[in-house]
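Under our numbering, read the sequence shown as residues 11 to 429, first letter to last.
Inspection log for the structure reproduced underneath, given as structure tokens.
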Amino acid sequence: AALVLIWTGGMSRQAEVVLTLLVTVPWLAFAFSVRSKVAYLLRTLANLMEALREGDYSMRLRGASPGDALGELILEVNQLTRSLQDRRFSAIEATALLRKTLGQIDVAMFGFDQQGCLCLINDSGQAALGKPEKDLMGQTAAVLGLAQCLEGDTPRILELALPAGMRRWELRRTTYRDKGVTHQMVFLSDLTRTLHQEERLAWKRLIQILRHELNNSLTPIQSVAQTLQQRVKQDLSEDQWLEDVRDGLDIIAARSEELGRFIDAYSTLTRLPEPVLTPFDVGPWIQQVAQLETRVQVLVEPGPDLTIHADRAQLDQLLINLVANAAEAALESHDKTESQVAITWHTKDKAVQVLVKDNGPGLDQTRDVFVPFFTTKPQGCGIGLALSRQIAEAHQGYLTLENRSDGPGCVAGLWLSLS
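What follows is the structure, encoded as structure tokens:
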């Protein structure tokens with residue numbers, strides 16, 4: 011506008027040139043100055059963005075002021091850089107913690123990409139394969155001997171011949187995503203060592219039980235036999251030692267019978283056959299078992315109409331044991347008229363629960379009732395509850411025994427799946 015006024019104002023040529031220079035030169039200097047400042051800020055922002063793209067969050071922009079648009083932009087970019095830096099530190103710390111945790115887990119873990127190549131492994135996995143991580147990464151599952159781990163249903167038990175040896179493993183598999191791509195995660199738990207430890211503990215418990223029961227029978231047999239030997243060697247008339255011999259032989263026969271009963275009970279526990287599943291109704295089954303107990307009155311509280319698939323003969327044995335135990339417990343604290351045993355059933359979470367309740371004295375040692383040959387009864391062999399629990403577990407169920415919360419006595423619970 012100034013130039014238009016100058017060139018149309020009728021001034022001399024010399025004045026027009028001078029005034030033109032006075033207007034044009036400061037204007038061009040101001041324009042180039044603004045251009046340089048804006049270009050510098052934009053180049054600096056571009057360099058900062060490039061650093062962020064490369065993962066360097068340490069750069070900051072200076073000269074920011076909240077009074078102009080570029081200043082506010084610089085403030086926001088600096089705040090974004092700090093936020094990304096904090097998140098990166100948190101991710102690094104979380105990754106380090108995860109690696110340390112995975113290194114301490116006694117489960118071999120392997121991550122495979124879509125091509126079946128190893129891309130993740132922990133310390134237990136390296137120990138199982140017998141090589142360091144750098145020699146394993148990128149190898150295919152087939153080369154590592156883990157091809158069957160990527161196929162089939164899980165969880166399942168399988169035997170693998172790895173560098174650590176032929177062992178039994180529990181296989182579990184899941185999926186995860188990395189950079190938008192689905193990967194497979196394989197977990198292998200070494201069951202061989204655990205089974206060996208449990209086997210040693212089982213043998214230890216079994217030997218303790220056998221030693222206890224055998225000593226209970228053999229000690230009196232040995233004592234009576236020695237006494238009889240001494241009596242026979244003495245120069246006595248037949249009338250003087252014949253009665254002692256008869257009594258001694260009765261003791262030996264009784265203890266031998268008790269020892270045989272113990273062996274038979276143990277054999278029953280170890281020879282339980284696989285259940286043969288057939289459908290039958292729960293209500294009539296419980297009614298029939300309840301009628302077999304005649305020492306006390308057994309009250310059947312009706313439940314829903316249900317049909318289950320199970321081995322009727324084995325469940326008969328289980329329920330008879332529970333009802334008999336409940337009747338004996340009730341008779342310990344009451345006479346026949348006051349003893350109470352009740353059976354009921356209901357459904358919960360796709361399972362049926364059969365409850366057997368009594369009004370006896372309750373349990374003092376709930377943790378021991380399922381131990382084989384543990385019993386508090388003078389004539390008991392300690393096999394009933396152990397066998398009952400084994401039958402329940404063979405049907406993919408479980409058995410519980412605890413004190414009642416609504417009064418004196420115990421309640422036995424049998425859970426069986428309806429699916």
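From the three backbone atoms N, C-alpha and C, an ideal C-beta is built for every residue, glycine too.
Computed from a predicted model, the values in this text were never measured in an experiment.
#1: Between L156 and R178, is the Cβ-Cβ spacing less than 7 Å?
#2: Bridge partners of A420, per DSSP?
#3: State buried or exposed for L38, treating a residue as buried only when at least 16 other CB atoms are found within 10 Å of its CB.
#4: Whole angstroms are fine: how far does the CA of I296 sit from the CA of Q307?
#5: At which residues does the beta strand (DSSP E) containing V299 begin and terminate?
#6: Hey, out of R414, V35, T229, R97, whose CA is closest to A8's CA?
#7: What distance in whole Å lies between the Cβ atoms of L160 and F197, which are believed to be in contact at a cut-off of 8 Å?
#8: Indicate whether the contact test is met: 3 or more Cβ pairs, each with one atom in the stretch 89–108 and one in the stretch 143–156, closer than 8 Å.
#9: Exposed or buried, which one is N132 when buried takes at least 16 other CB atoms within 10 Å?
#10: Using a C-beta cutoff of 7 Å, does D291 count as contacting chain B?
#11: In whole angstroms, what separates the C-alpha of V28 from that of F40?
#12: Beta-carbon separation of Q327 and G423 under 7 Å?
#13: For L341 and L365, I'd like the C-alpha separation in whole angstroms.
#14: Could you tell me whether any non-hydrogen atom of the ligand SAM is closer than 6 Å to the CB of E169?
#15: How would you write the range of the alpha helix (DSSP H) that V153 sits in, first residue to last?
#16: Leaving out five residues before and five after G313 in sequence, what residues of the same chain have Cβ atoms less than 6 Å from its Cβ?
#17: Can the beta-carbon of E311 be found less than 7 Å from the beta-carbon of A337?
#18: Excluding five sequence neighbours on each side, which residues of the same chain lie with their C-beta closer than 6 Å to the C-beta of S427?
#19: What span of residues does the beta strand (DSSP E) with M195 cover, start to end?
#20: Determine contact between the stretch 16–30 and the stretch 43–63, defined as no fewer than three beta-carbon pairs at a distance below 8 Å.
#21: What does the alpha-carbon distance come out to for the pair L316 and P294?
#22: In its own chain, which residues sit with a C-beta less than 7 Å from the C-beta of S199, not counting the 5 before and 5 after it?
#23: Output the distance between the C-alpha atoms of P289 and A323, rounded to the nearest integer angstrom.
#24: Spatial neighbours of L13 within its chain, please: C-beta separation below 8 Å, excluding the five flanking residues on both sides.
#25: Taking 6 Å as the limit between beta carbons, can you name the residues of its chain near G135, skipping five residues before and five after?
#26: For T185, which residues of its own chain have a beta-carbon under 8 Å away from its beta-carbon, when the five flanking residues on both sides are left out?
#27: Please report the distance separating the alpha-carbon of Q298 from that of D368.
#28: Residue range of the beta strand (DSSP E) that I131 falls in?
#29: Measuring CB to CB, does I262 end up less than 7 Å from V234?
#30: Would you list the one or two residues that DSSP bridges to P289?
#31: Tell me which same chain residues have a C-beta within less than 6 Å of the C-beta of G370, skipping the five on either side of it?
#32: Output yes or no for whether 7 Å exceeds the beta carbon distance between L411 and R399.
#33: Which residue marks the beginning of the alpha helix (DSSP H) containing I16, and which one marks its end?
#34: Taking buried to mean at least 16 other C-beta atoms within 10 Å of its own C-beta, is T376 buried or exposed?
#35: Identify, in the order they occur along the chain, each residue of the same chain with its Cβ nearer than 6 Å to the Cβ of G258, setting aside the five sequence neighbours on each side.
#36: Look at the alpha carbon of A151 and the alpha carbon of L90, and state the distance between them as a whole number of angstroms.
A quick look at the data gives this:
#1: The answer is no: Cβ separation not under 7 Å.
#2: The question names Ala, but residue 420 in the sequence shown is Cys. N413.
#3: exposed
#4: 14 Å
#5: Per DSSP, V299 belongs to no beta strand (DSSP E); it is in the alpha helix (DSSP H), 292–302.
#6: Because the chain is modelled from 11 through 429, residue 8 falls outside the range shown and cannot be assessed.
#7: With a Cβ gap of about 12 Å, F197 and L160 do not count as contacting.
#8: Judged by Cβ distances under 8 Å, the stretch 89–108 makes no contact with the stretch 143–156, as fewer than three pairs qualify.
#9: Buried is the label assigned to N132, since at least 16 other Cβ atoms lie within 10 Å of its Cβ.
#10: Absence of chain B from the displayed structure is noted, only one protein chain being present.
#11: 19 Å
#12: no
#13: 19 Å
#14: This structure lacks the ligand SAM; in fact it carries no ligand of any kind.
#15: Annotation: the continuous alpha helix (DSSP H) that includes V153 extends over 151–154.
#16: Excluding positions up to five away in sequence, the list reads T354, W355, H356.
#17: no
#18: A361, Q406
#19: 191–200
#20: no
#21: 10 Å
#22: V117, W179, E180
#23: 12 Å
#24: T30, V33, T34
#25: A118, M119, F120
#26: T192, H193, Q194, M195
#27: Rounded to whole angstroms, Q298 to D368 spans 18 Å at the Cα level.
#28: 128–131
#29: Yes, the pair counts as a contact, with Cβ atoms nearer than the cut-off.
#30: According to DSSP, P289 bridges with H319.
#31: A339, A340, E342, S343, G419
#32: no
#33: 12–17
#34: Residue placement at T376 cannot be trusted, given a pLDDT of 44 that sits under 50; the coordinates are not used to answer.
#35: V234, L238
#36: 42 Å
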